[in-house]
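Asks:
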Amino acid sequence: MIGFSRFSLFKVRWLTLSILVSFIGIIGCSYNGENAVMATTELDVKNLIGQKIMLDLRYYCDDEGQPEKCRKPLTTLTPELAKMISDYNLGGVILFSENLQTLPQIVSLNHQLQQATKSSPSQLPLFISIDQEGGRVARLPRSISTAFNGNMAIGATYAKFNDKFAKITGDIIGKELAATGFNVNHAPTVDVNVNADNPVINVRSFGEQPELVAKLAYAQLTAMQKHNVIATLKHFPGHGDTNVDSHTGLPVVGHSLEQIKNIDLAPFQYAIDKNAVSMIMTAHIQFPALDSSTFISKSGNTMMKPATMSKAILTDLLRKKMGFDGVVITDALDMKGISDFFTESEAVIETFKAGADIALMPIKIRNRDEISKLNDLLDKLSNAVETGVLDKQEISNSYARIARLKSKMLTTSRNESAKTLSAKINAAEKVVGRQQHRDNEQVLSDASITLLQGSGELPKSIKTLQIFMPDDDKCAAMLSAFRKLSHTIKVDCSPYYELNQQQIESKIMLADAIVATSVTPQQSLAEMGGMDDYLRLKKLLGNLTKNKRIQDEKLQRLLSFAQSNKKHISFVSLRMPYETSNYRQYADSVITTYSYNQYADAVTGEITGPAYLSLAKLLLGQLEATGVSPVTIK
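Residues in the sequence shown are numbered from 136 upward in steps of one, following my numbering.
1. DSSP has phenylalanine 706 in a bridge; who is on the other side?
2. Expressed to the nearest angstrom, what Euclidean distance is found between the alpha-carbon atoms of glycine 226 and alanine 760?
3. In terms of DSSP beta bridges, what is tyrosine 734 paired with?
4. Restricting to Cα atoms, I'd like to know which of Asn717, Val578 and Ala563 is closest to alanine 314.
5. Are the CB atoms of alanine 735 and asparagine 284 within a distance shorter than 8 Å?
6. Give the DSSP-derived three-state secondary structure of valine 567 in the structure shown.
7. Using the rule of at least 16 other Cβ atoms within 10 Å of the residue's Cβ for burial, across every protein chain shown, is aspartate 380 buried or exposed?
8. Nearest CA to the CA of isoleucine 265: which residue from Ile365, His419, Ile229 and Ser254?
9. Using CA coordinates, which residue listed in Glu481, Cys205, Asn436 and Leu400 is at the minimum distance from leucine 449?
10. Quick check: the stretch 289 to 307 against the stretch 739 to 755, are there 3 or more CB pairs under 8 Å?
11. If we ignore side chains and look at the alpha-carbon of each, how far apart do arginine 193 and arginine 206 end up?
12. Should threonine 655 be counted as a contact of the ligand MN given a C-beta to heavy atom distance under 7 Å?
13. Hey, isoleucine 493 and valine 462: beta-carbon distance below 8 Å or not?
14. If I follow the unbroken alpha helix (DSSP H) through glycine 309, where does it start and stop?
15. For a minimum of 3 consecutive residues, which ranges assigned as the beta strand (DSSP E) are wholly contained in the stretch 381 to 437?
16. When you compare only the Cα positions, how much space is there between alanine 776 and isoleucine 726?
17. Which same chain residues, not among the five before or five after arginine 271, have their C-beta less than 7 Å away from its C-beta?
18. Count the other CB atoms within 10 Å of the CB of glycine 762; is the residue buried (16 or more) or exposed (fewer)?
19. Can you give the Cα-Cα distance for alanine 294 and isoleucine 415, rounded to whole angstroms?
20. Rounded to a whole number of angstroms, what is the C-alpha to C-alpha distance between threonine 211 and leucine 347?
21. With a Cβ-Cβ cutoff of 8 Å, do alanine 491 and threonine 522 count as a contact?
22. One question on the structure: do leucine 183 and isoleucine 530 come within less than 8 Å of each other, judged by their Cβ atoms?
23. Note down the Cα distance separating phenylalanine 430 from glutamate 688, rounded to an integer number of angstroms.
24. Might you give, ordered along the chain, the residues of its own chain that have their beta carbon closer than 7 Å to the beta carbon of glutamine 698, omitting 5 neighbours on each side?
25. Report the option in Ala648, Leu452 and Gly472 whose CA atom is closest to the CA atom of phenylalanine 603.
26. Distance cutoff 8 Å, beta carbons only. Does alanine 751 sit that close to anything in chain B?
27. Taking only the alpha-carbon atoms, compute the straight-line gap between glutamine 355 and phenylalanine 231 and give it to the nearest angstrom.
28. DSSP state of threonine 767, grouped into three classes?
29. If you follow the alpha helix (DSSP H) that isoleucine 639 is in, where does it begin and where does it stop?
30. How long is the line joining the alpha carbons of glycine 269 and alanine 282, rounded to whole angstroms?
31. Output the boundary residues of the beta strand (DSSP E) element that contains glutamine 201.
32. In the DSSP output, which residue or residues are listed as bridge partners for leucine 368?
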């Protein structure tokens with residue numbers, strides 16, 4: 136590694152960059168398998184900063200009018216976007232579910248993206264990233280890939296299986312991402328969920344015990360990285376004790392320094408001490424105990440700095456005290472926890488000043504005309520370096536960290552680059568969503584299902600079963616699960632939100648037993664797609680909140696009526712087990728699955744999902760519930 140101390144002797148545009156470019160040029164030749172010699176003057180400050188930007192390309196329209204209304208998913212790389220990646224030496228992209236439709240299309244898009252870097256000034260491979268946490272946040276289509284039941288389901292298996300399922304999920308997710316052309320996964324989430332009202336983390340966390348979270352995250356991370364997929368620990372310094380979603384607001388964590396060290400930071404420190412983590416994502420959260428300094432927002436208000444903008448947190452704490460020397464990436468800068476208070480360029484400048492290496496989604500590019508926004512942003516950032524607002528040495532150091540990580544982790548890029556597109560597609564088809572992976576998905580679901588009260592099994596005398604689900608798709612998945620199992624019970628399923636009280640009571644009276652389910656909390660923006668659709672989803676989110684209150688009230692009346700008529704009742708939380716404390720008084724059995732994922736089978740079209748099959752097995756006495764809740768239920 137080049138000694139950074141000598142850089143201060145030279146000007147950024149000359150010998151400093153000559154040394155760095157010589158180093159990067161070796162990597163570029165290794166990646167492309169070429170003997171091209173790069174001119175050292177090619178890589179100026181603007182090119183350095185280009186590597187520090189990661190854009191989303193979720194939507195892209197051919198017309199140049201009203202880009203804010205563009206909702207055409209980008210599924211193949213256009214010539215002008217390929218030129219943008221090359222011309223501006225772009226460091227990375229992040230893809231969302233809208234970009235990912237079929238396996239050949241996904242592989243083709245990622246191939247095109249990587250090819251675009253071959254004529255860039257640095258010739259460094261592109262970071263192609265995704266949020267493939269598993270469970271509620273999974274961007275690859277569930278019908279063709281393996282999404283699993285998520286982190287809290289893994290946490291529920293820890294008591295019996297230790298880190299077995301963390302390793303299995305990390306291995307399979309890593310294999311499937313590598314096969315489709317991704318090299319960065321923004322996972323695992325290491326937030327320690329100690330807040331029952333957390334709207335955005337909840338089941339995305341392994342649990343409430345820092346030691347459990349640390350061990351499972353480490354196991355998943357190392358398994359994933361064996362496939363040259365860079366794992367990202369998030370959200371630093373911790374999103375586990377918030378009751379505000381940073382997509383829609385700016386949360387505050389009031390933990391003491393001792394709590395922060397022992398709870399929030401512990402999983403990050405564990406992976407850092409083991410020299411396992413290469414990338415960490417910041418949180419748009421205020422931590423007064425770590426940094427109470429303020430800034431003036433774009434509206435003129437005085438605000439406390441969020442972690443993403445705090446040098447005390449990203450540099451003094453993470454780098455100097457905790458010893459992290461890898462790449463720091465921000466959470467999406469279009470989230471309202473940032474965008475409400477900073478202009479686009481201000482947000483990037485402030486987070487670079489704080490110590491972040493990569494700015495994630497600082498601007499939107501939705502048509503050809505908007506490509507100039509990237510040039511404008513890079514010009515403003517370059518000017519900030521020239522005027523001393525951004526430190527030249529820190530920009531050089533940051534660029535070197537990115538280049539070092541690409542050299543270390545993306546060593547297979549040369550071989551992959553040499554493969555034909557058809558060879559890549561054929562290879563992916565043998566890996567992604569293969570039956571062995573699906574089998575492991577079901578095994579995790581079976582091992583994680585948790586019995587909180589009662590026996591779980593329906594009485595042998597039951598002949599008719601009425602299931603109440605929040606919606607039609609969940610009913611379809613539940614009925615599909617029962618069809619796969621040998622049983623003699625007559626089963627009906629209804630979405631209770633669509634029924635009036637009289638209809639509900641009529642169905643209850645015709646059944647011997649009742650299974651009532653709930654999903655709490657409602658979906659967050661992280662699961663529904665993100666900020667690009669915020670205005671459209673804002674109304675939907677409001678309706679969901681209103682409808683959730685109505686659903687909960689209806690569910691309580693449903694359970695009370697079934698209990699008063701002496702029906703056998705099983706209550707099932709399909710997501711956060713905290714809610715079971717509100718309903719256990721009515722139920723003979725209380726069960727939690729941590730997941731309600733369902734999808735249409737790619738071959739049969741049948742709605743299915745591993746959690747529903749596990750639940751049906753338990754109700755029919757074909758499965759023993761061995762899961763242990765990794766969070767405390769009052």
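Positions of the beta carbon are idealized from the N, C-alpha and C atoms, including for glycine. Remember, predicted model here, so these are calculated numbers, not experimental data.
Replies: The answer reads as follows:
1. Residue pairing by DSSP places phenylalanine 706 opposite Ala651 and Val725 in a beta bridge.
2. Distance between the alpha carbons of glycine 226 and alanine 760 is about 46 Å.
3. Tyrosine 734 pairs with Thr743.
4. Taking only the C-alpha atoms, the option nearest alanine 314 is Ala563.
5. Going by C-beta atoms, asparagine 284 is not nearer than 8 Å to alanine 735.
6. Per DSSP, reduced to three states, the secondary structure at valine 567 is coil, with no helix or strand assignment.
7. Result: buried.
8. Taking only the C-alpha atoms, the option nearest isoleucine 265 is Ile229.
9. Between leucine 449 and the set Glu481, Cys205, Asn436 and Leu400, the nearest pair of CA atoms involves Leu400.
10. The stretch 289 to 307 vs the stretch 739 to 755: no contact.
11. Going from the Cα of arginine 193 to the Cα of arginine 206 covers about 8 Å.
12. For the structure depicted, the ligand MN is absent and the ligand set is empty, with no information on it obtainable.
13. Yes. Within cutoff.
14. Unbroken alpha helix (DSSP H) run through glycine 309: 299 to 315.
15. Listed in chain order, they are 414 to 417 and 429 to 431.
16. Missing from the structure shown is residue 776; the chain here goes from 136 to 769 and no further.
17. Result list for arginine 271: Gly285, Val338, Arg339 and Glu662, in chain order.
18. Per the 10 Å Cβ criterion, buried.
19. Whole-angstrom Cα-Cα distance: 28 Å.
20. As the crow flies, the alpha-carbon of threonine 211 is around 41 Å from that of leucine 347.
21. Going by C-beta atoms, alanine 491 is not nearer than 8 Å to threonine 522.
22. Yes, the Cβ-Cβ distance between leucine 183 and isoleucine 530 is below 8 Å.
23. One C-alpha to the other measures close to 43 Å.
24. Correct list, in chain order: Ile704 and Tyr721.
25. Of the listed residues, the one whose Cα sits closest to phenylalanine 603 is Ala648.
26. No chain B is part of this structure, which consists of one protein chain only.
27. When only Cα atoms are considered, glutamine 355 and phenylalanine 231 end up about 22 Å apart.
28. Taken through DSSP and simplified to helix, strand or coil, threonine 767 comes out as coil.
29. Here the alpha helix (DSSP H) through isoleucine 639 covers 636 to 644.
30. Rounded to the nearest angstrom, the gap between the Cα atoms of glycine 269 and alanine 282 is 5 Å.
31. It is not in any beta strand (DSSP E) - glutamine 201 carries neither H nor E in the DSSP assignment.
32. According to the DSSP secondary-structure assignment, leucine 368 is paired through a beta bridge with Ile415.
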